[in-house]
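So the structure is just underneath, and the comments pick up after that.
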Amino acid sequence: MTAFLLAPLLSLACAARSEPPELAGGVVQSQEWHVARSTAGVEREEFIGEVRYQAGQTAARCDHALYRHAERTWSLDGHVRLDKRLPSGDRLQAQGDSAFLNMGRRSGWLEGKPVLLSRQPEQGGPSDYACAERLEWREGREVSLTGEVHSWGPRLASWSDRADYDEAGGLMVLSGGRPVLLKQPGWSGDDAWSAALKADTVRAWKSPRRLTADGSVVGWLRFARAPGGSS
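The sequence shown begins at 1351 in our numbering and counts up by one.
Following this line, the structure appears as structure tokens:
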């Protein structure tokens, strides 16, 4: 589900070095590299063509990047790709058309038509996906997807105008456009029930895993038949 795809995305979004080197060109590769200087020192660096950044298990690619030293911000444009191997071994990817990163505030955004997210299990099997028009993260603690948000995977699928995840509380909130949630068996371990619901607001907690829905809730629940029981 979106919540458990966005949670590790915080580590990807904030993986850039908090203190970049004097020249970012020391860690970034590109076809062209331009440096603008003033009497105060380096003001900005521009990278053009097949821009690549690699640090440990985190990688980023784009067509054009601009780093402003005083503000400690990155502007990325064209085929933006972010990639991170998680400690679990799972692979997390995000892609869009443009991005902005504020390294000091550990905040930023990624926009695209659409923004695509995926989490691929190390051991293979079905992946989790999400798409939206905009991804935004704030101070390394909160993540939001906005604009035609859709997530899908082997256990859950959802549709909403907005999805907000708070790392501190492990809480995902779906809102706007009367969110729809489809749950399959196995989301919280060995549970064997499935459900589909539509409401004004849907909330999901990471630990312990639970779901709530509020506001003119409609839908259905289906429980597995007990051995020897009737439907």
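C-beta atoms are modelled at their ideal positions from N, C-alpha and C, and glycine is treated no differently. As the structure is a prediction and not an experimental result, all values here were calculated from the model.
- Note on geometry: alpha-carbon atoms of tryptophan 1459 and serine 1438 lie some 25 Å from one another.
- Nearest Cα to leucine 1466 within the set Gly1446, Arg1394, Gly1527, Ser1544: Gly1446.
- Cβ-Cβ distances below 8 Å link serine 1477 to Ser1468, Arg1469, Gln1470, Pro1471, Gly1503 in the same chain, with the five nearest sequence neighbours on each side left out; the list follows chain order.
- In the structure shown, alanine 1374 adopts helical secondary structure according to DSSP, grouped into three states.
- Minimum Cα-Cα distance from alanine 1374 among the listed residues Ala1549, Leu1485, Glu1396, Gln1534 corresponds to Glu1396.
- Put simply, of Gly1454, Glu1382, Leu1442, Tyr1417 the residue whose alpha carbon is nearest the alpha carbon of alanine 1409 is Leu1442.
- Out of Gly1569, Ala1449, Pro1558, Arg1528, the CA that lies nearest to the CA of threonine 1551 is found in Arg1528.
- The three-state reading of DSSP puts valine 1567 in coil, since its state is none of H, G, I, E or B.
- In the DSSP assignment, threonine 1496 falls within the beta strand (DSSP E) that extends over 1492–1502.
- Remark: C-beta atoms of valine 1401 and alanine 1415 approach each other more closely than 8 Å.
- Counted as a single uninterrupted DSSP element, the beta strand (DSSP E) harbouring threonine 1551 occupies residues 1551–1555.
- Under the three-state reduction of DSSP, aspartate 1511 is assigned to strand.
- In the three-state reduction of the DSSP assignment, methionine 1522 falls in the strand class.
- The Cβ atoms of alanine 1482 and valine 1499 lie closer than 8 Å to each other.
- With a beta-carbon spacing of about 16 Å, aspartate 1413 and aspartate 1433 fall beyond the 8 Å limit used to define contacts.
- Beta bridge pairing from DSSP links glycine 1458 with Leu1451, Trp1487.
- Minimum Cα-Cα distance from alanine 1444 among the listed residues Asn1452, Val1430, Leu1561 corresponds to Val1430.
- Put simply, of Gly1569, Ala1513, Glu1421 the residue whose alpha carbon is nearest the alpha carbon of alanine 1480 is Ala1513.
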